[in-house]
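Asker: Have a look at the structure that comes next, please.
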Amino acid sequence: MKKYVYFIILSLSLFSCDDFIVHNERGVQNLDNYFSTSEECQTFVNDLYKRLLLHYDWYQLIAPQLTNETATDDAWMGNTGQDPSQLQPAAHYVITPNRMGYLKSIYATRYENISACNIAISRISNSKILESQKNLNLGEALFIRAYNYYDLVNNFGGVPLILDILSSNDMNKVRATKEEVYKQIEDDLILAIQKFKLLSKDPEKGRVNKWACYALLARVFLFQEKWDKAYVYADTVITKGGFQLESNFLNIWNVNNHNGVESIFELQTSSASDKQLGNQMCTFAGARGEKKENFPSNNSDDVMDGWGWCTPTSDLENCYLSEGDVIRRRATITKYGEAAYGDETLNPTHIFDLEQNKSGRIIRKYYIPVATRRILVDKRFNAPLNVPILRLAEMYLIRAEAAYHLNKFDLAMDDVDFIRARVNLPPKKGTVTGVNILRTIWKERRMELAFEGLRLFDIRRQIDPQTNKPVIASLFGQTGSFVVYNTQLSTDKYETTNKKELQDKGINFDIAKHLVWPIPQSEIDRSNGRIIQNPNY
Amino acid sequence: MPSIVINGQIQIKGTVTDINREPLAGVNVIIKDTQKGVVTDTDGKYSIMVPDENSILVFSYITYKTVEEKVGKRRVINVILEEDVKQLEEIVVIGYGVVKKSDLTSSISSVKGTDVQSMTVGNINQSLQGKVPGLQIIGSGAPGGQPKVLVRGFSTINLGTDPLYVVDGIPLSGGINFLSPNEIENIEVLKDASASAIYGSRASNGVIMVTTKRGKEGKLAYNLDLSYGLQSMKKPYNMADAVEYAEIMNLAALNAGYPKVFEDPQEYEGKTTDWWHAGIKETSPQMNLSFGFRGGNEKNVYSANITYYQQKSFYEKGGYERFTSRFTNDFKFSKIFSGGITLNPRFESWGNPGNWADFIRIDPITPIYKPADQLTGDENEYSIYARSPSYVWNPVAAVKRWNQKNKSYALSTSAFLQIQPISEIVFRSQVGFELDSRISDAFYPDFVIDAAHEFQTYNRVERNQPMYRNWSLQNTITYLKTINNKHNITAMLGNTLEEWNGTSLWGTKEKTPNNSEELRELDAGTLNPQTGGTSYTNSVMSYFARIMYNRDNRYYLTATYRVDGSSKFLEKNKWASFPSISLAWRISQENFMSGIRDVVNDLKVRIGAGQVGNQNLPAAVYMSKLGKGYYVFGDNIVNTTYPSAIKNEDIKWETVEDKNIGIDFNLLQGKLSGSLEYYVKNTKDMLFMKAYPNYSGYPNDAKIWTNIGSMKTKGVDANLSYSEKVNDFYFNADVTFTTFNVKMSSLGGNKEPLYGNNEKTITIEGEEPGYFYGYVADGIFQNQTEINSHTSEHGIFLQPYAKVGDIRFKDINNDGVLDANDRTKIGSPWADFTMGINLNFAYKNIDLLANFYCSFGNNLVDQNKNELHNCIDKTNKIAGLTNLAWHGEGTSNDIPKISAIDNNENFSKFSSFYIEDGSFIRLKNLQIGYTFNQLFNISKVRIYLAGQNILTLTKYDGIDPEVGGGVLGFGFGGWDYPIQPTFLIGTNITF
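Protein sequences appear in the order of chains A and B.
Residues in the first sequence are numbered consecutively from 3, following the working numbering.
Residues in the second sequence are numbered consecutively from 59, following the working numbering.
Here's what the structure looks like:
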């Protein structure tokens, strides 16, 4: 019997190899052993670009950016056929930390990209790859981090400055001041320029280069009213960057002109059907209720039904009309029944559902021409329209505005006229003086850069010389000019008859709080109150 | 007829059966006060000589109540023996062994298979509800749905709270949906750590041990059970008709300053689209067929059971289907060797559309089909449906398109070998292997209902084939010894290896040439081929020991120790140990009790403490992972990688410490019995997917697996059972009662509160976890004066956008500002107690059974209140809303004014507006049966009528008061799949 007992004891002790309980996850790469080759570094940095605007995903950043347009005098929420409650809190200034609509996702999404930049910067600095690639990748990551902070500071004011890889024990951060955030943006961009300067050749098309850094610096200096620096950086891009204005304004948003001569930096798209790298702004802001009968072809392939959010205001149209600016008006706004500018043959009378469009207008800049529609496998996911982030015309307008504040009035008006000349408008130099020069520059900015993500930040930062308050306060509120125009003066046949979006948009604007958006309540809660809410929210 | 008298004796004959009229073999038939007796044969027949008519026959049989019959004039005495549920010699299955119930030192509840077979259900847990004290079950009505099971509340706040299921000694990795109630012999619920610590790391949510039917010595016995039923699906809300909908939308627009939506609502008179009846069947069938047999001799016993269960969905398509079979064979090779094998092949198929709520939500004006003038004739069969302006996709069209099938082909096998070289030592080795091969097919046809929103450009075909292979090996050696007839010792030593493997492979393609049935294969797709797949392994290795000692069957001690190593943690945290100890004192065995032993048959006090663990989290959370994608520069498409998960290298076991004290009693010869227990559970290093601030930049909304703080759960569970038999009348009442009270005893780190469900619940140190956290709705502003007086001391409006008819929210902290700091506790999702009442009556051949279940004192969030009343969207609203909602001073103090804008955040603020009383009482099962004996030579035929879930009393206005959820998001009711009343007819045949 004893042998059984021995057998049993033996078999009990048989297995005790620890390998049995060691299993890593399969099929995914481990971040800890990553960044060992050039390819790994580059592949990681590639994604930072993708998440800069996430233009292939309509929700996370596109919807907030277009919602911001609706919080200005340029755009209505626009779609009057559907529930607008994700845009309404911002567009009609009834936003609360608890109800931010589409704006809620900016905060977390930007920080996700910042965190990835921090990982790239820290890990690539210590990796053993070629110096040249290290410089390229670090430059790219620094620029993208700076862009994310630029967007955060303009939406929310000062935010926590996160520059390292955070462990879960580091969650004791507080908000930095707006000035500290801008300082970091400047530092990152200047360091990025140094990295790019070490490269022997320019990065490939579509990547960030030193001119993109100069250009973004020019913008953030302007926003901070550092006029001399804004002037110098914009000037450097204009004079040394080798960019030139597109002779045809419409070519800036052309599916066949990616990374054109005017483009300093733009987000890239592709119509490859299995990659989903299209620009979904084209759907989000596209005309709603197109029908094949309304195209000469009577072909359903020509129809690209959009969602019809964010439609241009007659107020913006009037701005162009007042200057006789046909080219930019038509390149920015398509009015119901007008030919799609530049697509007159295939879409001679752009017709959409007026019942569902507040203003009878749609944005032309994000329009996909009919010929392209016909070859897309999927019109929503494959629209190959790049998104300009920085382009030369803005540099001229920055230089002009900076020049004005540096009392170089003639130089300022030269730049304005240069931009006007491209769209066949007569020069204005000599016709305006004093603060009207500044107003002319601002008006030019509005007409040139409409729907490119700048209007809201501009009207928040521009100080009206008459009132000494931000321009936004003159537009909105009970007596705001935009509100008064819409509620009392406007005779626009679309806007005044389609009252499914209220005409008094902006009447609830309150300067005590609305110069920045609230921080999402979830962030206040999760930080246990260390992150402090913006005033009066 | 003259009786046969030999030597002054009388011959008595008869048959002994159980209450089901099944013959009982081996029953002892003894003449009282003598040693003389016989045993019944396999047909339950006996024959015995008694001295005279004053003789008394005693019929006794293990686990049955003993019956005494005076002979008198009778010569044939047929006896029905009744099972003694509370019989002291009842055997209870514990981890890696069995003990006599009287020797239990820990908290274990047993349920007999026959008690769960009284209901026709997909998942056994649905019929366990209310039958086990300490077990809380939240039902699921969906075909194939898995109810949520809580053993004594919950001990963890983020992981699954489902207990570990052990079937025939083999611990499983998931639920027990695959088991048919007909396969079950009995179920044991291990509730405290002193019972479950032997399962160490797997046992923190309790253990449910299922013993399936195995062979029995004796005559081959067959049973056949059939039931057929209809589930009834009533429309849960009465919704507005077309005219009222149009009126509501117009009023909403008017109150928001918008123009009319519908020119003349009256023109829709009689034009309401009856979506509900266009897609939802009022009744859908359910059936269960089960056939089994068992038999054997002393060398070999065997059993087989085959069950088919089918539950159709209430859509035109889909449902749940299960075919299970189980074959067991146990052998006694010799005095030393014995063994057994179980085979359990099975097939399951499930899937149904999930859009039933859309049939209620969609507006009543949109017709089902596009009007003829909108059709061009080019449309395929999926594109002829109308688009609703409500954002709700046409539900009839969605069901028409629906084409998905999930199938599982599985085989579980287990085998054991037992060696008993000397009577004191038993070695047992058990191996279990489970293979589950699944195929999920889906086809999404192309269609255009609305070119901007409701369309699919190309059709898509999809196949997903995961395969799971799990195995376990357990070895135990047990030593049993009785010394001096006083000291009884059982010692056990063992180890186990468990491994769970999975592989997956999926593929999808678009644009098959058309939507025809034969082309719904990947091979037919022409566009965007995509494929993927991976594999995983998780494993646990364990060693354990147990010693059980008792002296004189009075004083008991059990101690266990288990060590587990898991692949889910890094080296430093891989291993953990789980000890337990329990003591019992059987007071009734003491001499001083002997005087009242007739009244107090058994009385026992138990006390125990132990530790169990939890490692039930995803694999490799200690690793930061990369996701991948694409980007493009110019025309150059490139690969990208991004952080998809951030690691926590310090992740370690969650530990539950548990203390338990209980008393078991059995009074008045088993007429009254029960138990009462008090328990305290303390969970440490709780595993939780914590939401960090978003500035961390962590992916997945900054949620990471983290060990946080401790939680304390305490409560009482009790069970009282009373039975009475008077002549032909039998009555049994069984009441179970459970409370649990839980609080966060500490939160780690900086003691930051934890939030759940988008910050709608909060968990603070020292308070109960996951309570509802929001604003207090303080009625409706009836007039402008009320708004004007709702201001700060400086006269600033607390609610600047409020208009009359909007909700007034309370400034809880009285700081003159209504902001996030005014959120407070507005309700608790946790019941004060749950109770089950199970009644059985029998009179002659008629039996009646009723099971009630109730839950008291919990709140629920009625999330549907938003959609049914909030007019900013265009979904249909509840009928009568124009009157229900505020429409003038004094008309309502609850439902705000109808409006298409909600600037006051009446609905978007999470407030007490949504909180309702969640208490309910439900009649789970009502059954009446009639038994025919010897009908057509069949030994027993019982037919019954049953109604399941036919009555529910609750104040909750939502779909169904049985609402589950994760611990920090518990009690949020919405469009839950309702538990449907079911009416059944069935029969049980034994022959």
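Ideal placement from N, C-alpha and C gives every residue a C-beta, glycine not left out.
Listing by chain order, which chain A residues have their CB less than 9 Å from the CB of Tyr756/B?
Answerer: Taking the first residue of the second sequence as position 1, residue 756/B is located at position 698. Neighbourhood of Tyr756/B in chain A, by CB distance below 9 Å: Tyr113, Glu114, Ser117, Leu168, Ser170, in chain order.
Asker: Phe839/B: which of Ile665/B, Ala776/B, Asn964/B, Ile820/B sits nearest, CA to CA?
Answerer: Translated into positions along the second sequence, residue 839/B becomes position 781. The shortest C-alpha separation from Phe839/B is found at Asn964/B.
Asker: Please check the pair Ser441/B and Ile507/B, which I expect to be a contact at CB under 8 Å, by giving their CB distance rounded to whole angstroms.
Answerer: For this step, residue 441/B is matched to residue 383 along the second sequence. For this step, residue 507/B is matched to residue 449 along the second sequence. 6 Å between Cβ atoms; contact.
Asker: According to a CB-to-CB cut-off of less than 8 Å, which residues of the segment 936 to 967 of chain B neighbour chain A?
Answerer: Within the segment 936 to 967 of chain B, the residues whose Cβ lies closer than 8 Å to some Cβ of chain A are Ile959, Asp960, Asn961, Glu963, Ser966, Lys967, listed in chain order.
Asker: Which residue's Cα is closest to the Cα of Asp869/B: Gly863/B, Tyr859/B, Asp880/B, Val862/B?
Answerer: As a position in the second sequence, residue 869/B is number 811, starting the count at 1. When only C-alpha atoms are compared, the closest one is Asp880/B.
Asker: For the beta strand (DSSP E) containing Ala603/B, list its first residue and its last residue.
Answerer: What you label residue 603/B is simply residue 545 of the second sequence in a count that begins at 1. Its beta strand (DSSP E) spans residues 585 to 609.
Asker: Under a three-way DSSP split, which group does Met747/B fall into?
Answerer: As a position in the second sequence, residue 747/B is number 689, starting the count at 1. Met747/B: strand per DSSP, three-state reduction.
Asker: Please name the residues in the segment 486 to 507 of chain A whose beta-carbon is closer than 7 Å to at least one beta-carbon of chain B, in chain order.
Answerer: Lys501, Lys502, Leu504
Asker: Is the number of C-beta pairs between the segment 343 to 361 of chain A and the segment 233 to 248 of chain A that are closer than 8 Å three or more?
Answerer: no
Asker: Verify the contact flag: Lys507/A, CB atom, against every heavy atom of the ligand ADP, threshold strictly below 6 Å.
Answerer: Because no ligand of any kind appears in the structure shown, any question about the ligand ADP cannot be addressed here.
Asker: Taking 7 Å as the threshold (C-beta atoms), are Ala287/A and Tyr343/A in contact?
Answerer: In the first sequence, counting from the first residue as 1, residue 343/A sits at position 341. In the first sequence, counting from the first residue as 1, residue 287/A sits at position 285. By the CB criterion at 7 Å, Tyr343/A and Ala287/A fall outside the cutoff.
Asker: Return the Cβ separation of Lys515/A and Asn538/A in integer angstroms, given the expectation that the two are a contact with Cβ distance under 8 Å.
Answerer: Mapped onto the first sequence, residue 515/A falls at position 513. Mapped onto the first sequence, residue 538/A falls at position 536. That pair is a contact at about 4 Å.
Asker: Using 8 Å for Cβ pairs, my map puts Asp190/A next to Arg147/A. What's the rounded Cβ distance?
Answerer: Residue 190/A sits at position 188 when you count from the first residue of the first sequence. Residue 147/A sits at position 145 when you count from the first residue of the first sequence. With a Cβ gap of about 6 Å, Asp190/A and Arg147/A count as contacting.
Asker: Quick check on Cys929/B: does DSSP put it in helix, strand or coil?
Answerer: On the second sequence, residue 929/B is found 871 positions in, with the first residue counted as 1. DSSP places Cys929/B in coil when its eight states are reduced to three.
Asker: What are the partner residues of Lys761/B, as DSSP defines its beta bridges?
Answerer: The residue given as residue 761/B occupies position 703 in the second sequence. Lys761/B is bridged to Ala749/B.
Asker: How would you label Gln88/A, buried or exposed, when you count the other beta carbons within 10 angstroms and need 16 or more for buried?
Answerer: For the purposes of this step, residue 88/A is taken as residue 86 along the first sequence, with counting starting at 1. Buried is the call here.
Asker: For the pair the segment 105 to 118 of chain A and the segment 78 to 87 of chain A, tell me if three or more CB-CB distances fall below 8 Å.
Answerer: no
Asker: Please tell me whether Leu684/B has its Cβ less than 7 Å away from any Cβ of chain A.
Answerer: Against the second sequence, residue 684/B aligns to sequence position 626. By this cut-off, Leu684/B is an interface position.
Asker: In chain order, what residues of the same chain lie with their CB nearer than 7 Å to the CB of Thr75/B, ignoring the 5 residues before and after it?
Answerer: Here residue 75/B corresponds to residue number 17 of the second sequence, with the count starting at 1. Answer for Thr75/B: Pro81, Leu82, Gly102, Ile138, listed in chain order.
Asker: According to a CB-to-CB cut-off of less than 9 Å, which residues of the segment 184 to 211 of chain A neighbour chain B?
Answerer: Pro205, Glu206, Lys207, Gly208, Arg209
Asker: From Pro428/A to Pro587/B, what does the alpha carbon distance come to, in whole angstroms?
Answerer: Here residue 428/A refers to the residue found at position 426 of the first sequence. Here residue 587/B refers to the residue found at position 529 of the second sequence. Rounded to the nearest angstrom, the two C-alpha atoms are 55 Å apart.
Asker: If you run the structure through DSSP and keep just helix, strand and coil, what is His407/A?
Answerer: For the purposes of this step, residue 407/A is taken as the residue at position 405 of the first sequence. Reduced to three states, the DSSP call for His407/A is helix.
Asker: Hey, could you find the ends of the alpha helix (DSSP H) Gln44/A is sitting in?
Answerer: The residue given as residue 44/A occupies position 42 in the first sequence. If you look at Gln44/A, you'll find it in the alpha helix (DSSP H) that goes 40 to 55.
Asker: Between His25/A and chain B, is there a C-beta pair that is closer than 7 Å?
Answerer: Taking the first sequence and counting its residues from 1, the one referred to as residue 25/A is at position 23. Yes, because at least one Cβ of chain B sits closer than 7 Å to the Cβ of His25/A.
Asker: Give the residues of chain B in contact with Ala274/A, contact being defined as C-beta atoms less than 7 Å apart.
Answerer: Position 272 of the first sequence, counting from 1, holds the residue named residue 274/A. Contact note: Ala274/A reaches chain B through Ile695, using a C-beta cutoff of 7 Å and chain order.
Asker: Do you know whose CA, among Val176/A, Ser169/A, Ile121/A, Val183/A, lies nearest Tyr151/A's CA?
Answerer: If you number the first sequence from 1, residue 151/A lands on position 149. When only C-alpha atoms are compared, the closest one is Val183/A.
Asker: In the DSSP assignment, find the unbroken alpha helix (DSSP H) run with Phe145/A in it and report its ends.
Answerer: In the first sequence, counting from the first residue as 1, residue 145/A sits at position 143. From DSSP, the alpha helix (DSSP H) with Phe145/A extends over 133 to 158.
Asker: Just to confirm before moving on: does the CB-CB distance between Ile709/B and Val679/B stay below 7 Å?
Answerer: Position 651 of the second sequence, counted from the first residue, corresponds to residue 709/B. Position 621 of the second sequence, counted from the first residue, corresponds to residue 679/B. Their beta carbons are under 7 Å apart, which means Ile709/B touches Val679/B by this criterion.
Asker: Please return the same chain residues whose Cβ sits closer than 7 Å to the Cβ of Glu825/B, not counting the five positions on each side in sequence.
Answerer: For the purposes of this step, residue 825/B is taken as residue 767 along the second sequence, with counting starting at 1. Result list for Glu825/B: Lys801, Met802, in chain order.
Asker: When you compare the CB positions of Ser446/B and Gly490/B, do they come within less than 7 Å of one another, or not?
Answerer: Reading the second sequence from its first residue, position 388 is the one you call residue 446/B. Reading the second sequence from its first residue, position 432 is the one you call residue 490/B. Going by C-beta atoms, Ser446/B is not nearer than 7 Å to Gly490/B.
Asker: Does the distance from the CB of Asn517/B to the CB of Asp504/B come in under 7 Å?
Answerer: Indexing the second sequence from 1 puts residue 517/B at position 459. Indexing the second sequence from 1 puts residue 504/B at position 446. Contact: yes.
Asker: With DSSP as the reference, label Arg177/A as helix, strand or coil.
Answerer: Locating residue 177/A in the first sequence gives position 175, counting from the first residue. Note: Arg177/A maps to coil in three-state DSSP.
Asker: Quick one: is Ala336/B buried, meaning 16 or more other Cβ sit within 10 Å of its Cβ, or exposed?
Answerer: The residue given as residue 336/B occupies position 278 in the second sequence. Under this definition Ala336/B is an exposed residue.
Asker: Glu817/B touches chain A at which residues, Cβ-Cβ below 7 Å?
Answerer: Position 759 of the second sequence, counted from the start, is the residue given in the question as residue 817/B. Taking a Cβ-Cβ threshold of 7 Å, the residues of chain A close to Glu817/B are Gln523, Ser524, Asp527, in chain order.
Asker: At a CB distance below 9 Å, what residues from the segment 579 to 592 of chain B approach chain A? Give them in sequence order.
Answerer: Leu585, Asn586, Pro587, Gln588, Gly590, Gly591, Thr592
Asker: What are the partner residues of Asp775/B, as DSSP defines its beta bridges?
Answerer: For the purposes of this step, residue 775/B is taken as the residue at position 717 of the second sequence. Beta-bridge pairing links Asp775/B to Glu735/B, Thr796/B.
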